[in-house]
Amino acid sequence: MWENIEYQAESKFYEVVWFNEKFSDFKNSVDASIRARSLKPHVKTFFDPEECWNFIHDTNVDYLFFIMPFNPFSSVDNEILTRANALLQVSFIYLLSTVEICNDQVRYFEKVRHICSSEDILIEKLYADVRDCKENSSSSFSLLEIGQSTHNLTKASGAFIWRQLYLEALFHTFDGEQAKLDMVEYCRNYYADDKAELDKISYFELNYRSDDAIKWYTRDSFLYRLLNRTLRSENIDDIYKFRFILSELYTRLIELHCDYLQTLLDLDLIPYTLTVYRGQLIAPQELDRLKRSLGSLIAMNTFLSTSFDQNASLMFAGNGQRRPNYESVLFAIDIDTSTTTTPFADIDKYSWNNSEQEILILVGAMFKIMNIQYENNVWIIKLQTCDSQHIRKLQEHYYPKLLNEFNTEAAFYICMC
1 MWENIEYQAE SKFYEVVWFN EKFSDFKNSV DASIRARSLK PHVKTFFDPE
51 ECWNFIHDTN VDYLFFIMPF NPFSSVDNEI LTRANALLQV SFIYLLSTVE
101 ICNDQVRYFE KVRHICSSED ILIEKLYADV RDCKENSSSS FSLLEIGQST
151 HNLTKASGAF IWRQLYLEAL FHTFDGEQAK LDMVEYCRNY YADDKAELDK
201 ISYFELNYRS DDAIKWYTRD SFLYRLLNRT LRSENIDDIY KFRFILSELY
251 TRLIELHCDY LQTLLDLDLI PYTLTVYRGQ LIAPQELDRL KRSLGSLIAM
301 NTFLSTSFDQ NASLMFAGNG QRRPNYESVL FAIDIDTSTT TTPFADIDKY
351 SWNNSEQEIL ILVGAMFKIM NIQYENNVWI IKLQTCDSQH IRKLQEHYYP
401 KLLNEFNTEA AFYICMC
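First residue of the sequence shown: 1, per full-length UniProt numbering; consecutive thereafter.
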């Protein structure tokens, strides 16, 4: 059932529209599709503007990525860009240009995401944005159909705390080699009919190093997809299979987090609060639940990718054009570096993609909902990280009841780790 839901959601999730008059030559069109082969069947190429616009108007997807060649001195190119930027269906625009373009020349086109001088760079940027959009929209879907992406701790009793303790145990797993073998076997079984992913799994098995944990996680491949799918499912048996990479990511984030705090200390900047952002589409039901939970504590059940760049995050949120199916939401998260114990790190230098001011927060981080307001077609949800004392009180309150309230199988897993 999960695979069918996942496939259907993926098929309606995004389209890539690649416009270029040179695609009137069939070979050029095929070559372009081949270069973006890992995004197929989502890439559609057009050389006729009207056919392109008609396709976009008839397309109903969450995200539409538009690619075009662009010369700022061409009136035709400027006309096409103006029209693409005005279409509600278009989420992001990617310009391919051999001419140097300054920001002033495209400043009025708010949907322009990247300007690239080569197709290789453009496709790399596109891959990264597709991955981020998948991540940013997946939590709403899992809340409604598969699992819970957010947990209202005031109503969920000890269930959430139990899961937090379970994850904490997996972060400190001691059977590294066996844990790695278990994860590799699980991934191979899942991708048994996918040679490309099997090759990546074999490469991972032979060449993985602890320093590359974040690079592997941010790569759009078997590890990223299966780990997040498993964390959202909340199946403790499957989550246990990923204890190796959970432990590796935890250790790496701790290292980078400590380095960051040391830098703040050296600069005499503690106490210091930084704000990061995450834009996404969420289902109206999930938004209503969050609005009813003002002042409560919530937590995402996957690693949380955020950014210092508010404008870039707003692009992922959209401007309400997906209503009534989805609401545009911008999470603004205040992190008090003097009180939070949840590891987070700037992963720009360690990501597979050349990420832009990306801050990765450990799975299980807890937040308090401080404020929710509506501005310019976007819901702004203000979150604040919980301090260690608050978390400890929750654990002390629920922990004595846990062994009586939950099955012995889960307890067995925690005892093993």
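Glycine included, each C-beta is placed from N, C-alpha and C at the ideal position.
Treat the numbers as computed from the prediction; the structure is a model and nothing was measured.
Cutting at 7 Å between CB atoms, please list the residues of its own chain near Tyr186, excluding the five before and the five after it. Your numbering for residue 186 matches position 186 in the sequence shown. So the qualifying residues of the chain are Lys241.
So residue 470 and Phe92 are in contact, right, with Cβ under 8 Å, and what is the actual spacing, rounded? Lying outside 1 to 417, the shown extent of the chain, residue 470 is not represented and no answer is given.
Any chance the segment 220-237 sits against the segment 266-278, with 3 or more Cβ pairs inside 8 Å? no
Counting C-beta neighbours from all protein chains within 10 Å, is the total for Ala283 16 or more, i.e. buried, or is it exposed? The sequence position of residue 283 within the sequence shown is 283, counting from 1. By the neighbour-count rule (16 or more Cβ atoms within 10 Å), Ala283 is buried.
From His42 to Ile380, what does the alpha carbon distance come to, in whole angstroms? Mapped onto the sequence shown, residue 42 falls at position 42. Mapped onto the sequence shown, residue 380 falls at position 380. Looking at the two C-alpha atoms, the distance is approximately 31 Å.
If you draw a straight line from the C-alpha of Asn228 to the C-alpha of Phe73, how long is it? Reading the sequence shown from its first residue, position 228 is the one you call residue 228. Reading the sequence shown from its first residue, position 73 is the one you call residue 73. Asn228 and Phe73: Cα-Cα distance of roughly 44 Å.
Report yes or no: do three or more beta-carbon pairs, one from the segment 299-310 and one from the segment 343-357, lie closer than 8 Å? yes
From Leu87 to Leu297, what distance separates their C-alpha atoms? Taking the first residue of the sequence shown as position 1, residue 87 is located at position 87. Taking the first residue of the sequence shown as position 1, residue 297 is located at position 297. So the alpha carbons of these two residues sit roughly 38 Å apart.
Taking all protein chains shown into account, decide if Arg163 is buried (16 or more other Cβ within 10 angstroms of its Cβ) or exposed. As a working note, residue 163 is residue 163 in the sequence shown. Label assigned to Arg163: buried.
Proximity winner among Tyr326, Gly318 and Ala365, relative to Ile333 (alpha-carbon distances): Walking along the sequence shown from the start, residue 333 turns up at place 333. Considering only alpha carbons, the answer is Ala365.
State buried or exposed for Lys155, treating a residue as buried only when at least 16 other CB atoms are found within 10 Å of its CB. Along the sequence shown, read from residue 1 onward, the residue named residue 155 stands at position 155. Its pLDDT being 44, under 50, Lys155 is placed unreliably by the model, and nothing is read from it.
Who does Trp18 pair with in a DSSP beta bridge? Position 18 of the sequence shown, counting from 1, holds the residue named residue 18. Thr45 and Ile67.
Assign Ile80 to one of three DSSP states: helix, strand, or coil. Counting from one through the sequence shown, the residue named residue 80 turns up at place 80. In this structure, Ile80 counts as helix in the three-state DSSP scheme.
Which whole runs of the alpha helix (DSSP H) in the segment 298-358 are 4 residues long or more, in chain order? 310-317
From Arg83, Lys215, Gln373 and Ile270, pick the residue whose C-alpha is nearest to that of Leu330; which is it? Taking the first residue of the sequence shown as position 1, residue 330 is located at position 330. That would be Gln373, whose Cα lies nearest to the Cα of Leu330.
Contact check, Leu304 vs Ile361 under 8 Å by CB: the rounded distance? Taking the first residue of the sequence shown as position 1, residue 304 is located at position 304. Taking the first residue of the sequence shown as position 1, residue 361 is located at position 361. Yes, they are in contact, since the Cβ atoms of Leu304 and Ile361 sit about 4 Å apart, within 8 Å.
Label Phe19 either buried or exposed according to how many other C-beta atoms from any shown protein chain fall within 10 Å of its C-beta, with 16 as the threshold for buried. One-based indexing of the sequence shown puts residue 19 at position 19. Answer is buried; the Cβ neighbour count reaches 16.
Could you have a look at residue 434 and say whether DSSP puts it in helix, strand or coil? The requested residue 434 does not occur in the structure, where the chain is confined to residues 1 to 417.
Have a look at Glu50 and Ser221 and give me their C-alpha separation to the nearest angstrom. Within the sequence shown, numbered from 1, the residue matching residue 50 stands at position 50. Within the sequence shown, numbered from 1, the residue matching residue 221 stands at position 221. Near 35 Å, if we compare the C-alpha coordinates of Ser221 and Glu50.
Helix, strand or coil for Arg229 per DSSP? On the sequence shown, residue 229 is found 229 positions in, with the first residue counted as 1. Three-state result, Arg229: helix.
What is the rounded straight-line gap between the Cα of Glu177 and the Cα of Glu168? The count along the sequence shown starts at 1 and reaches residue 177 at position 177. The count along the sequence shown starts at 1 and reaches residue 168 at position 168. Roughly 19 Å separates the two Cα atoms.
Closest to Glu248 by C-alpha separation, out of Met300, Tyr217, Leu314 and Phe367, would be which residue? Residue mapping note: residue 248 aligns to position 248 of the sequence shown, counting from 1. Looking at the Cα atoms, Tyr217 is the closest of the given residues.
CB-CB under 7 Å to Leu294, same chain, minus the five flanking residues each way: which ones, in chain order? Position 294 of the sequence shown, counting from 1, holds the residue named residue 294. Ile369 and Ile372.
In DSSP terms, what residue 428 is bridged to: In the structure displayed, the chain extends from 1 to 417; residue 428 sits before or after that span and is not available.
Buried or exposed: which applies to Ala196, given that a residue is buried once 16 or more other Cβ atoms fall within 10 Å of its Cβ? On the sequence shown, position 196 is the one that residue 196 refers to. So Ala196 ends up on the exposed side.
Are the CB atoms of Leu198 and Tyr191 within a distance shorter than 8 Å? Counted from its first residue, the sequence shown places residue 191 at position 191. Counted from its first residue, the sequence shown places residue 198 at position 198. Yes, the Cβ-Cβ distance between Tyr191 and Leu198 is below 8 Å.
Whether Val112 touches Leu96 by CB criterion (8 Å): Within the sequence shown, numbered from 1, the residue matching residue 112 stands at position 112. Within the sequence shown, numbered from 1, the residue matching residue 96 stands at position 96. Their beta carbons are not under 8 Å apart, which means Val112 does not touch Leu96 by this criterion.
Tell me the DSSP secondary structure of Lys382 in three-state form. Locating residue 382 in the sequence shown gives position 382, counting from the first residue. Of the three classes helix, strand and coil, the one that applies to Lys382 here is strand, per DSSP.
To which residues of the same chain is His114 closer than 6 Å at the C-beta, ignoring the five residues directly before and after it? The residue you call residue 114 lines up with position 114 of the sequence shown. Tyr94 and Lys125.
So, is Gln8 buried or exposed, given that buried needs 16 or more other C-beta atoms within 10 angstroms? Locating residue 8 in the sequence shown gives position 8, where the first residue counts as 1. At Gln8 the pLDDT is 36, less than 50, meaning the model places this residue with poor confidence; the figure from the coordinates comes in the next sentence. Gln8 is exposed by the Cβ-count criterion.
Status (buried if at least 16 other CB within 10 Å, exposed otherwise) for Lys134: Position 134 of the sequence shown, counted from the first residue, corresponds to residue 134. Classification for Lys134: buried.
Helix or strand or just coil, what does DSSP make of Leu170? For the purposes of this step, residue 170 is taken as residue 170 along the sequence shown, with counting starting at 1. In the structure shown, Leu170 sits in a helix (DSSP, three-state: H, G or I).
Determine the burial state of Glu145: buried for a count of at least 16 other Cβ atoms within 10 Å of its Cβ, exposed for fewer. By one-based count along the sequence shown, residue 145 stands at place 145. Note that Glu145 has pLDDT 29, beneath the 50 cutoff, so the model's placement of it is unreliable and the number below is only indicative. Flag for Glu145 reads exposed.
Figure out for me which residue from Leu383, Lys382, Phe367 and Ser351 has the closest Cα to the Cα of Asp132. Counting from 1 along the sequence shown, the entry for residue 132 is found at position 132. It is Ser351 whose Cα lies nearest to the Cα of Asp132.
Residue of Phe174, Val378 and Leu265 minimising C-alpha distance to Leu281: As a first step, residue 281 is located in the sequence shown; it is residue number 281 there, counting from the start. The residue with the shortest Cα to Cα distance from Leu281 is Val378.
Is Trp53 helix, strand or coil by DSSP? Along the sequence shown, read from residue 1 onward, the residue named residue 53 stands at position 53. Residue state, collapsed to three classes: helix.
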